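Which chain is which? The protein sequence lines are P, R and F, in order. Take any residue in the first sequence, count from 1 to its spot, add 479: that is its number in this note's numbering. Take any residue in the second sequence, count from 1 to its spot, add 159: that is its number in this note's numbering. Take any residue in the third sequence, count from 1 to its spot, add 1: that is its number in this note's numbering. These notes concern the structure reproduced below.
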Amino acid sequence: MSLTPKEITHIATLARLKTSSEQAEFYATQLSRIMDLIKQMNTIDTSDIEPMSHPQDPALRLRADEVTATNLREAYQTVAPATENGLYLVPKVID
Amino acid sequence: MHSNCLSEHSAALRNKTYSSVELTQHYLKRIDSAKALNAFITVTEELALEQAQYADRMLHDNKAHALTGIPMAHKDLFCTKGVLTTCGSKILSNFVSPYDATVVEKLKQQGMVILGKTNMDEFAMGSSNETSYYGAVKNPWDVQRVPGGSSGGSAAAVSARLVPVATATDTGGSIRQPAAFCGLTGIKPSYGRVSRYGMVAFASSLDQGGLVTRNARDAAMVLQAMSGFDQRDSTSLQLPVPDYGNVLEQSIRGKTIGLPKEFFNDDVDADIADAIQQAIRELQALGAKTVEVELPNSEVGIPCYYVIAPAEASSNLARFDGVRYGYRTENYTDLDDMYEKTRAEGFGAEVKRRIMIGTYVLSSGYYDAYYIKAQKLRRMIADDFSRAFEKCDLIAGPTTPSTAFVIGEKNDDPVAMYLNDIFTNAANLAGLPAMSIAAGFDDKNLPIGLQLIGKYLDESTLLTVAHQFQQQTDWHLKIPDIPGVPGGPGGPGGLD
Amino acid sequence: MEWETVIGLEIHVQLLTKSKIFSAASTAYGAQPNTQACDVSIALPGVLPVMNREAARLAVRFGLGIGAQINKRSIFARKNYFYPDLPKGYQISQFEVPIVGQGRIEIETDNGCKVIGITRAHLEEDAGKSLHQDFHDMTGIDLNRAGIPLLEIVSEPDLRSAVEAVAYLRKIHSLVRYLNISDGNMQEGSFRCDANVSMRPKGQTELGIRAELKNINSFRFVEKAIEFEIDRQIDILEDGGKIVQETRLYDSDKNETRSMRSKEEAHDYRYFPDPDLPEMILDDDFIDQIRNQLPELPDARKSRLEREYHLSSTDASHLTNDRDTADYFENVCSQTAADSRTVANWILGELSAALNHSAMEIRDSPVDSIRMASLLDRINDDTISGKIAKQVLTLLWKSEKSVDQVIDENDLKQITDTGAIEAIVDNILQENSAQVSQYKAGNQKIFGFFVGQVMQQSGGKANPKQVNDLLRNKLD
Numbered sequence: 480m481s482l483t484p485k486e487i488t489h490i491a492t493l494a495r496l497k498t499s500s501e502q503a504e505f506y507a508t509q510l511s512r513i514m515d516l517i518k519q520m521n522t523i524d525t526s527d528i529e530p531m532s533h534p535q536d537p538a539l540r541l542r543a544d545e546v547t548a549t550n551l552r553e554a555y556q557t558v559a560p561a562t563e564n565g566l567y568l569v570p571k572v573i574d
Numbered sequence: 160m161h162s163n164c165l166s167e168h169s170a171a172l173r174n175k176t177y178s179s180v181e182l183t184q185h186y187l188k189r190i191d192s193a194k195a196l197n198a199f200i201t202v203t204e205e206l207a208l209e210q211a212q213y214a215d216r217m218l219h220d221n222k223a224h225a226l227t228g229i230p231m232a233h234k235d236l237f238c239t240k241g242v243l244t245t246c247g248s249k250i251l252s253n254f255v256s257p258y259d260a261t262v263v264e265k266l267k268q269q270g271m272v273i274l275g276k277t278n279m280d281e282f283a284m285g286s287s288n289e290t291s292y293y294g295a296v297k298n299p300w301d302v303q304r305v306p307g308g309s310s311g312g313s314a315a316a317v318s319a320r321l322v323p324v325a326t327a328t329d330t331g332g333s334i335r336q337p338a339a340f341c342g343l344t345g346i347k348p349s350y351g352r353v354s355r356y357g358m359v360a361f362a363s364s365l366d367q368g369g370l371v372t373r374n375a376r377d378a379a380m381v382l383q384a385m386s387g388f389d390q391r392d393s394t395s396l397q398l399p400v401p402d403y404g405n406v407l408e409q410s411i412r413g414k415t416i417g418l419p420k421e422f423f424n425d426d427v428d429a430d431i432a433d434a435i436q437q438a439i440r441e442l443q444a445l446g447a448k449t450v451e452v453e454l455p456n457s458e459v460g461i462p463c464y465y466v467i468a469p470a471e472a473s474s475n476l477a478r479f480d481g482v483r484y485g486y487r488t489e490n491y492t493d494l495d496d497m498y499e500k501t502r503a504e505g506f507g508a509e510v511k512r513r514i515m516i517g518t519y520v521l522s523s524g525y526y527d528a529y530y531i532k533a534q535k536l537r538r539m540i541a542d543d544f545s546r547a548f549e550k551c552d553l554i555a556g557p558t559t560p561s562t563a564f565v566i567g568e569k570n571d572d573p574v575a576m577y578l579n580d581i582f583t584n585a586a587n588l589a590g591l592p593a594m595s596i597a598a599g600f601d602d603k604n605l606p607i608g609l610q611l612i613g614k615y616l617d618e619s620t621l622l623t624v625a626h627q628f629q630q631q632t633d634w635h636l637k638i639p640d641i642p643g644v645p646g647g648p649g650g651p652g653g654l655d
Numbered sequence: 002m003e004w005e006t007v008i009g010l011e012i013h014v015q016l017l018t019k020s021k022i023f024s025a026a027s028t029a030y031g032a033q034p035n036t037q038a039c040d041v042s043i044a045l046p047g048v049l050p051v052m053n054r055e056a057a058r059l060a061v062r063f064g065l066g067i068g069a070q071i072n073k074r075s076i077f078a079r080k081n082y083f084y085p086d087l088p089k090g091y092q093i094s095q096f097e098v099p100i101v102g103q104g105r106i107e108i109e110t111d112n113g114c115k116v117i118g119i120t121r122a123h124l125e126e127d128a129g130k131s132l133h134q135d136f137h138d139m140t141g142i143d144l145n146r147a148g149i150p151l152l153e154i155v156s157e158p159d160l161r162s163a164v165e166a167v168a169y170l171r172k173i174h175s176l177v178r179y180l181n182i183s184d185g186n187m188q189e190g191s192f193r194c195d196a197n198v199s200m201r202p203k204g205q206t207e208l209g210i211r212a213e214l215k216n217i218n219s220f221r222f223v224e225k226a227i228e229f230e231i232d233r234q235i236d237i238l239e240d241g242g243k244i245v246q247e248t249r250l251y252d253s254d255k256n257e258t259r260s261m262r263s264k265e266e267a268h269d270y271r272y273f274p275d276p277d278l279p280e281m282i283l284d285d286d287f288i289d290q291i292r293n294q295l296p297e298l299p300d301a302r303k304s305r306l307e308r309e310y311h312l313s314s315t316d317a318s319h320l321t322n323d324r325d326t327a328d329y330f331e332n333v334c335s336q337t338a339a340d341s342r343t344v345a346n347w348i349l350g351e352l353s354a355a356l357n358h359s360a361m362e363i364r365d366s367p368v369d370s371i372r373m374a375s376l377l378d379r380i381n382d383d384t385i386s387g388k389i390a391k392q393v394l395t396l397l398w399k400s401e402k403s404v405d406q407v408i409d410e411n412d413l414k415q416i417t418d419t420g421a422i423e424a425i426v427d428n429i430l431q432e433n434s435a436q437v438s439q440y441k442a443g444n445q446k447i448f449g450f451f452v453g454q455v456m457q458q459s460g461g462k463a464n465p466k467q468v469n470d471l472l473r474n475k476l477d
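Structure, rendered in structure tokens:
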């Protein structure tokens with residue numbers, strides 16, 4: 480297996496996905512198979528090739544510095560799980 | 160009424176053969192009778208009738224556009240203001256979008272009538288529509304089989320004549336593969352042609368909006384209306400959209416069709432290979448020339464794609480954290496527990512797999528080996544196309560190596576599922592326009608798709624070739640016979 | 002062992018744009034929570050970033066201001082981590098290729114000028130704000146700040162003391178104000194600083210393990226935080242201990258730094274180019290236009306003030322530390338007949354002390370350059386003495402009246418009528434016959450006593466030169 484359950488647990492923590500040790504075992508098997516597929520990339524020599532992040536290599540368009548957004552707090556917060564006094568509420572954050 | 164295609168509806172509505180309200184009611188009834196297909200997540204009956212009434216007034220006052228009054232459906236990853244927008248996921252199962260996607264806005268402005276939101280693979284991750292939180296969609300040609308994915312609901316709905324057109328999106332084949340599995344015309348335009356604003360992102364550098372419909376003429380009409388520059392999308396092309404309707408009747412005489420030898424191999428089902436050869440002979444009969452081309456790096460298209468798409472997805476899907484919208488877990492002890500449970504409960508297995516793969520290939524120590532490697536291969540694949548297009552005007556081949564498979568067949572094997580995209584994802588990696596059109600049936604009477612890939616920005620050639628092909632063939636006119644749904648090929652109400 | 006301190010600063014400067022870096026929401030300070038949190042700020046599904054040209058312009062302006070290399074091709078990347086004030090689950094920043102490359106800046110130290118290297122300056126978006134009070138054990142999130150454009154200026158580890166760090170910070174602060182790319186308001190968070198502090202045995206070239214001090218929001222605290230941190234690290238090292246690489250928070254109430262537990266977990270930010278934002282390509286025209294519009298910068302202005310106004314290097318330096326002060330100085334000079342060195346003394350002395358006392362910035366000074374010029378004119382034309390002028394300044398501070406009005410209404414005009422002064426002098430000599438005898442007996446020092454008495458009786462208004470002359474006439 481190219482991915483161990485321990486690595487799965489680490490990845491799942493980074494991605495904030497609660498994963499039991501049983502699930503980690505399961506994912507380790509599945510994701511290892513996917514990684515084996517991915518490793519087929521290594522059959523091709525890519526030295527001297529520039530990576531391509533965007534199809535067709537476009538240039539960024541810049542916009543004018545104008546404020547056009549209006550206050551839509553109420554509409555946006557009707558779909559929020561928890562709000563109070565215009566703030567989104569989350570479990571206490573400790574610095 | 161439903162046997163008419165979109166262009167025919169357009170003419171009929173103008174001639175007052177029937178009204179938009181009548182047409183809308185007819186389709187709504189069909190949607191209700193075809194519930195078993197599970198093509199829709201939400202049906203917006205009230206909204207549809209309101210829009211239809213408005214469309215009828217516009218038609219009456221001669222203020223209508225070509226698309227005014229024609230019913231349609233949106234894939235459920237286009238944000239629709241005031242309407243549930245789930246992306247096929249539990250995590251958005253309560254998300255009523257506060258805004259419209261650009262595509263939704265544009266088609267509303269044309270006066271199209273929205274019948275509802277179509278089912279899809281969760282966050283567009285899948286090739287069978289089985290990863291949807293709302294359950295699998297059934298292929299109208301054989302309800303034991305998948306309609307393809309991720310735009311499976313859109314394809315099933317159009318194939319079953321529940322709507323004449325539905326929007327769809329394509330990240331690695333999600334328009335073309337379901338179009339092929341359902342015997343439809345599907346088009347993914349060039350990257351940047353259709354605004355991504357309001358399309359819930361899966362893999363931003365690959366996602367592109369498009370549609371499935373029944374023929375190239377309909378596709379040209381709707382694509383025309385969907386396309387164009389949008390200042391809210393930094394990757395939107397600031398270029399005029401050609402008049403797609405105008406080019407359809409052009410001859411394809413003298414056009415050179417490139418046939419990549421990599422697309423004609425033993426992995427392709429014999430029936431598909433035969434149908435594609437037959438289709439190419441049709442095109443030759445229309446005056447097109449063919450030439451063999453090479454796409455030497457296409458064999459690594461799949462691994463390359465399955466690095467880039469999950470990498471981008473792992474980041475795009477981080478916003479689903481239970482803080483500002485969507486599902487939040489019931490019980491949690493602290494912030495991280497809330498995050499982890501919300502996301503573990505809110506996402507399905509395939510989405511989690513891809514988030515984990517994406518997280519892994521971007522993580523420290525693996526970034527160069529996987530992510531950068533894939534981005535380099537991506538350029539090589541794009542360069543292969545550039546070289547091929549020096550010899551031809553478009554590329555043709557099969558859309559998929561096999562026809563629609565049985566529901567559940569590939570569920571336990573993600574890798575086998577991924578191989579569905581083998582011929583389609585290269586166009587996404589390179590940002591090229593591509594189509595799938597109906598080109599025959601296999602021995603199980605399942606549709607076969609012919610894929611056409613165009614030069615960057617050249618949707619016109621694809622639409623012309625597709626349209627000319629459809630003038631000579633009748634594959635796109637075949638209608639599936641769906642148990643319980645009237646209006647199949649032999650059933651009552653077939654032609655009204 | 003003798004230790005050497007090594008400090009590098011990361012300064013976050015809020016750029017002066019009207020709208021956010023990737024959206025059209027307002028950047029105005031102090032709005033009600035989440036009223037400036039648009040669809041992009043709250044990261045609704047499906048929304049996309051669109052880059053603000055002005056933010057790019059201001060970043061280039063900074064780069065040109067420090068003579069740095071401008072990267073005509075730069076890349077926006079995603080920095081991925083989960084935090085409730087980070088709505089997308091990633092921050093858009095620049096990682097591999099920032100907009101501004103290497104540059105340098107000179108600071109003044111006790112040992113003269115020192116060049117500090119600037120590694121880079123990159124564009125990024127700010128996060129939102131977490132509010133911890135009064136939400137039944139929950140934290141409230143305000144995303145008004147999310148998406149505000151920041152320029153992060155990263156220095157080389159060239160700073161060797163807390164004092165140098167502050168000098169560098171002040172220099173950058175002065176520069177961004179000169180360039181008008183930020184309001185530099187530290188209270189409102191428009192100018193924030195993180196410090197990387199490490200120690201190494203003197204002579205060693207290799208860097209020691211560093212601690213990162215987060216978000217120190219005043220010049221004074223930067224100095225104190227670094228000094229505390231230096232002592233803390235030396236204590237550990239002298240005891241044979243090891244420094245832990247970590248993020249520490251400065252607590253200004255307790256004057257100490259403490260470890261941020263929550264940040265200790267292993268981070269893996271998984272930077273990668275943002276697929277929503279193609280590469281930013283700036284053309285020569287864009288950059289040249291910015292270059293042509295650059296204002297005079299502090300060092301150039303300092304030289305010019307020395308030359309044109311015959312100022313000392315120290316005065317010119319103090320006046321040009323802050324663009325507003327230099328503007329004020331030149332405005333006063335253009336409106337007064339007083340000597341430019343007197344103007345400088347007044348601004349750096351009396352005015353500066355008064356501003357400090359009222360905790361005000363010069364741009365908000367109750368005495369503007371016009372009134373200051375006329376005040377100095379009244380000294381210059383002997384209407385008032387320098388001493389009375391200080392009194393007038395205090396009165397002007399609280400009123401909006403003209404200088405002449407204040408002098409008139411408070412009867413502060415200098416007495417120059419010889420007869421009137423002579424009367425006072427005679428009176429004083431008469432009343433203090435004992436002191437007169439002492440003086441005549443040779444006690445020269447007592448002369449000052451008579452001057453003081455006369456001035457006092459005149460309410461400070463007698464012309465001091467005339468008082469002197471008269472006294473000498475009568476006594477000698």
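Heads up, the beta-carbon is just placed ideally off N, CA and C, and yes, glycines get one too. What you are looking at is a predicted structure, and each value in this text was computed from that prediction instead of being measured.
Task: chain F within 7 Å of residue 545 of chain P, Cβ atoms only - done: Reading the first sequence from its first residue, position 66 is the one you call residue 545 of chain P. A Cβ of chain F is located within less than 7 Å of the beta carbon of residue 545 of chain P.
Open item on the list: What would DSSP say about residue 265 of chain F, mapped onto helix, strand or coil?
Closed with: Residue mapping note: residue 265 of chain F aligns to position 264 of the third sequence, counting from 1. With a pLDDT of 44 at residue 265 of chain F, under the threshold of 50, the modelled position of that residue is not reliable, and the figure given next carries that caveat. Coil.
Task: Continuous beta strand (DSSP E) assignments of at least 3 residues falling wholly in the region 344-395 of chain R - done: 344-347 and 367-372
Open item on the list: Looking at chain F, is there any beta carbon in it that lies within less than 7 Å of the beta carbon of residue 491 of chain R?
Closed with: Sequence index remark: in the second sequence, residue 491 of chain R carries index 332 (1-based). So, not an interface residue.
Task: C-beta atoms of residue 427 of chain R and residue 606 of chain R nearer than 7 Å - done: The sequence position of residue 427 of chain R within the second sequence is 268, counting from 1. The sequence position of residue 606 of chain R within the second sequence is 447, counting from 1. It is not a contact, given that the beta carbons lie outside the stated cut-off.
Open item on the list: Using the Cβ count rule (16 or more neighbours within 10 Å means buried), how would you classify residue 17 of chain F?
Closed with: Reading the third sequence from its first residue, position 16 is the one you call residue 17 of chain F. Buried is the call here.
Open item on the list: Using a Cβ-Cβ distance cut-off of 7 Å, determine whether residue 171 of chain R contacts chain F.
Closed with: As a first step, residue 171 of chain R must be located in the second sequence, where it is residue number 12. Residue 171 of chain R does not count as touching chain F.
Task: chain R contacts made by the region 24-54 of chain F, where a contact means CB separation under 8 Å - done: 40, 43, 44, 45, 46, 47, 48, 49, 50, 51 and 52
TODO: Helix, strand or coil for residue 192 of chain R, going by three-state DSSP, please let me know.
DONE: Locating residue 192 of chain R in the second sequence gives position 33, where the first residue counts as 1. Helix.
Open item on the list: Which residues in chain F have a C-beta closer than 9 Å to the C-beta of residue 491 of chain P? List them in chain order.
Closed with: In the first sequence, the residue the question calls residue 491 of chain P occupies position 12. Residues of chain F passing the Cβ test: none, with the nearest at roughly 12 Å.
Task: Buried or exposed by the 16-neighbour rule on C-beta atoms within 10 Å, applied to residue 360 of chain F - done: Your numbering for residue 360 of chain F matches position 359 in the third sequence. Answer is exposed; the Cβ neighbour count stays below 16.
TODO: Specify, as a first and last residue, the run of the alpha helix (DSSP H) that residue 219 of chain R falls within.
DONE: Position 60 of the second sequence holds residue 219 of chain R. Residue 219 of chain R -> alpha helix (DSSP H) spans 204-219.
Task: Coil, strand or helix - residue 440 of chain R by DSSP - done: For the purposes of this step, residue 440 of chain R is taken as the residue at position 281 of the second sequence. Residue state, collapsed to three classes: helix.
Open item on the list: Measuring only the C-alpha atoms, how far is residue 96 of chain F from residue 534 of chain R?
Closed with: Locating residue 96 of chain F in the third sequence gives position 95, counting from the first residue. Locating residue 534 of chain R in the second sequence gives position 375, counting from the first residue. Computed Cα separation, rounded: 17 Å.
Open item on the list: In whole angstroms, give me the CA-to-CA distance for residue 573 of chain P and residue 249 of chain R.
Closed with: Counting from 1 along the first sequence, the entry for residue 573 of chain P is found at position 94. Counting from 1 along the second sequence, the entry for residue 249 of chain R is found at position 90. Distance between the alpha carbons of residue 573 of chain P and residue 249 of chain R: 29 Å.
TODO: Tell me whether residue 315 of chain R is buried or exposed, calling it buried when 16 or more other Cβ atoms sit within 10 Å of its Cβ.
DONE: Along the second sequence, read from residue 1 onward, the residue named residue 315 of chain R stands at position 156. The residue is buried, with at least 16 neighbouring Cβ atoms inside 10 Å.
Task: Length of the line joining the Cα atoms of residue 510 of chain P and residue 538 of chain R - done: Here residue 510 of chain P is taken as the residue at index 31 of the first sequence, counted from 1. Here residue 538 of chain R is taken as the residue at index 379 of the second sequence, counted from 1. Taking C-alpha positions only, residue 510 of chain P is separated from residue 538 of chain R by approximately 26 Å.
TODO: Take the Cβ of residue 265 of chain F as the centre, count every other Cβ of all protein chains shown within 10 Å, and call the residue buried at 16 or more, exposed below.
DONE: What you label residue 265 of chain F is simply residue 264 of the third sequence in a count that begins at 1. Residue confidence for residue 265 of chain F is low, a pLDDT of 44 falling below 50, so the modelled location carries little weight; the figure read from the coordinates is stated next. Its Cβ having fewer than 16 others within 10 Å, residue 265 of chain F is exposed.
Task: residue 103 of chain F (DSSP reduced to helix, strand or coil) - done: Along the third sequence, one-based indexing puts residue 103 of chain F at 102. Coil.
Task: Any 3 or more C-beta pairs closer than 8 Å across the region 252-270 of chain R and the region 225-232 of chain R - done: yes
Open item on the list: I'd like the list of long-range same chain contacts for residue 355 of chain F, defined as Cβ closer than 7 Å, with 5 residues on each side in sequence excluded.
Closed with: Residue 355 of chain F sits at position 354 when you count from the first residue of the third sequence. The residues are 394 and 398.
TODO: Under 9 Å between beta-carbons, which chain R residues line up against residue 481 of chain P? List them in chain order, please.
DONE: Start at 1 with the first residue of the first sequence, and residue 481 of chain P comes out as number 2. Near residue 481 of chain P there are no residues of chain R at all, since even the closest Cβ is about 10 Å away, more than 9 Å.
Open item on the list: Along the region 77-90 of chain F, where does the CB come closer than 8 Å to a CB of chain R? Name the residues.
Closed with: 79, 81, 83, 85, 88, 89 and 90
Task: Of the residues F:219, F:235, F:187 and F:221, the one placed nearest residue 210 of chain F, counting alpha carbons only - done: Residue 210 of chain F sits at position 209 when you count from the first residue of the third sequence. Answer by Cα proximity: F:235.
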